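Asker: Quick note: the sequence shown uses the numbering used here, first residue 1, plus one each step. A virtual CB, placed ideally from N, CA and C, is assigned to each residue, including glycine. As the structure is a prediction and not an experimental result, all values here were calculated from the model. Please read through the structure below; I'll follow up with questions.
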Amino acid sequence: MATDAIVSIPVTVLFSMLADRVAWGALAIAATLGAMVFFSAFITPLVFIRLNPQIAARFIRALFPWYYAFGVIGSGSAALLCAAHAPIASALTFVVCLAFIVARQALLPAINAARDAAMSDSTIARRFERLHRASVALNVLQMLLLALAFAFAFHRA
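Below, the structure written as structure tokens:
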């Protein structure tokens, strides 16, 4: 009998977590932020260190649409899961989701076009550098918003 009580406590905690959409929202926020940090701090530098520049650029170009799709799914899920009980976290993750969509649909094609054209024109190379810096700044802003959203996920309305 005593063993049943010991086993049932973790199961009860597990089921209460499963029922808590905000906990799942916080998990979605953490997964999205973790993936962003891992991609930015480890994958991208490693690719450019280990591969020749042309192959690295093609690899990263192929990877970015998936990166943005994961970001939309993760932050969009978090926004929906946190909406009822953590509206500030929901709003912040919604903004992050919109930023992923804008980056994927507008910024990424502009960066790719500038990169392609930069091979022959130094003025366009500067445009690529500006767009790339804007992309990095947006990415850092999204990470900060996700960290803030994670904190607000546990601040119930």
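Ordered along the chain, which non-local residues of its own chain (more than five positions away) have a Cβ less than 6 Å from that of ALA78?
Answerer: Around ALA78: GLY25, ALA28, ILE29, THR93.
Asker: Please classify HIS132: does DSSP put it in a helix, a strand, or coil?
Answerer: Here HIS132 sits in helix by DSSP.
Asker: Quick check on the burial criterion: 16 or more other C-beta atoms within 10 angstroms. Buried or exposed for ILE55?
Answerer: Answer is exposed; the Cβ neighbour count stays below 16.
Asker: Can you give me the C-alpha to C-alpha distance between GLY71 and LEU81, rounded to a whole angstrom?
Answerer: Near 15 Å, if we compare the C-alpha coordinates of LEU81 and GLY71.
Asker: Write down the C-beta distance between ARG127 and ALA114 rounded to the nearest angstrom, noting that I regard them as a contact closer than 8 Å.
Answerer: With 8 Å as the limit, ARG127 and ALA114 qualify as a contact, their Cβ atoms being about 5 Å apart.
Asker: Which of the three DSSP states is assigned to ASN52 in this structure?
Answerer: If DSSP states are grouped into helix, strand and coil, ASN52 belongs with coil.
Asker: Measure the Cβ-Cβ separation of THR32 and LEU145 and say whether it is below 8 Å.
Answerer: No, these two residues do not count as a Cβ contact at 8 Å.
Asker: What is the C-beta distance between SER90 and ALA99, in whole angstroms, given that I count them as a contact (C-beta under 8 Å)?
Answerer: That belief does not hold up - the Cβ atoms of SER90 and ALA99 are roughly 15 Å apart, past 8 Å.
Asker: Throw me the rounded Cβ distance for the SER135 and ILE101 pair, which I believe falls under 8 Å.
Answerer: About 14 Å separates the two Cβ atoms, so there is no contact after all.
Asker: ARG21 and PRO65 - do their beta-carbons sit closer together than 8 Å?
Answerer: No; because the gap between Cβ atoms is not below 8 Å, this pair is not in contact.
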